[in-house]
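With the sequence shown counted from 1, adding 5 to any position gets you the working numbering. Where is the CB? At the ideal position from N, CA and C, for every residue including glycine. Values in this document were obtained by computation on a predicted structure and should not be read as measured data.
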Amino acid sequence: KWLSILFFGYLLACSLLLFAYRWLPPPTTTVQLQRVVEHAVAGEPFSLEYSPVTEESQDDDARHAVVASEDSRFFIHHGFDLEEIRIAREQARSRGTSPRGASTISQQLVKNLFLTTHRSWIRKGMEIPLTFLAELILPKERILTLYLNVAEWGPGVFGLDAAAQHHYGRNGSSLSRDQAARLVAVLPAPLSRSPQEMGRTSSRIQTRMRQMGW
């Protein structure tokens, strides 16, 4: 009974926050808090760079690049890309390996906002209803804006604008096409990748962007 109350209470709280995030930037995220705690436990200094901006202040190339790279069917699915999940499972069966991740931008958004980076069945179980809620409450363009604002781009670096300032010394609305693609190439492993090393991946992302008409 108490677990059910906690579960539905948490979903209700997240729903109210998602309604607020239709217009307001998140003041913080659970992944940011996770990093603060991790560094505190390790006794390491931690500096947080986080500067959420409006959709108009996000570079169009960066918005297009993240869709092309992370979730090419973002604008046509309803939170879960069933086709990408099917492909991942078929590839895993043919290779005899575990299925690769097929998370959509919507799934990654709720993970960043309300969950943690730790892999577990509990997190995956919470991710499903939260993703449905995000798709129900938020327009697609707002989901994309929020994701770019809260995604982790390096140790203590959260959001496109902070990443652009950190890596290129400019704001997130004035990136070149190559700089935008290089930043997006970092997203799958932000704590171990740097945009300066992402030349080949950046080229592949820009090819996908052209194929999608961008």
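Of the candidates 215, 139, 181, 109, the residue whose Cα lies closest to the Cα of residue 192 is 109. Straight-line measurement puts the Cα of residue 10 at about 49 Å from the Cα of residue 205.
Contact check between the stretch 81-90 and the stretch 52-60: fewer than three CB pairs, one atom from each, fall below 8 Å, which does not count as touching. Runs of the alpha helix (DSSP H) spanning 4 or more residues and lying entirely within the stretch 108-187 occur at 110-119, 126-142, 145-155, 165-173, in chain order. Counting only residues of its own chain and dropping the five nearest sequence neighbours on each side, residue 182 has a CB closer than 6 Å to the CB of 66. Going by beta carbons, residue 148 and residue 27 fall outside the 8 Å limit. Here the stretch 24-41 lies against the stretch 115-132, with 3 or more beta-carbon pairs under 8 Å apart.
Take the alpha-carbon of residue 146 and the one of residue 211: they are about 21 Å apart.
A straight line joining the alpha-carbon of residue 76 with that of residue 113 spans about 10 Å. Burial is judged here by how many other beta carbons sit within 10 angstroms of a residue's own beta carbon; residue 129 has fewer than 16 and is exposed. Using a Cβ distance threshold of 8 Å, residue 189 and residue 74 count as a contacting pair. For residue 49, the secondary structure class from DSSP, reduced to helix, strand or coil, is coil. With contacts defined as CB atoms closer than 8 Å, residue 69 and residue 203 fail to qualify as a contacting pair.
Residue pairing by DSSP places residue 89 in no beta bridge whatsoever.
Cβ atoms of residue 117 and residue 34 come within 8 Å of each other, at about 5 Å.
Apart from sequence neighbours up to five positions away, the residues of its chain that approach residue 140 with a beta-carbon distance below 8 Å are 83, 84, 111, 148, ordered along the chain. Listed in chain order, the non-local C-beta contacts of residue 72 below 6 Å within the same chain comprise 79, local neighbours out to five positions each way being set aside.
Non-local beta-carbon contacts of residue 198 in its own chain, meaning distances under 6 Å to residues more than five positions away in sequence, involve 191 in chain order.
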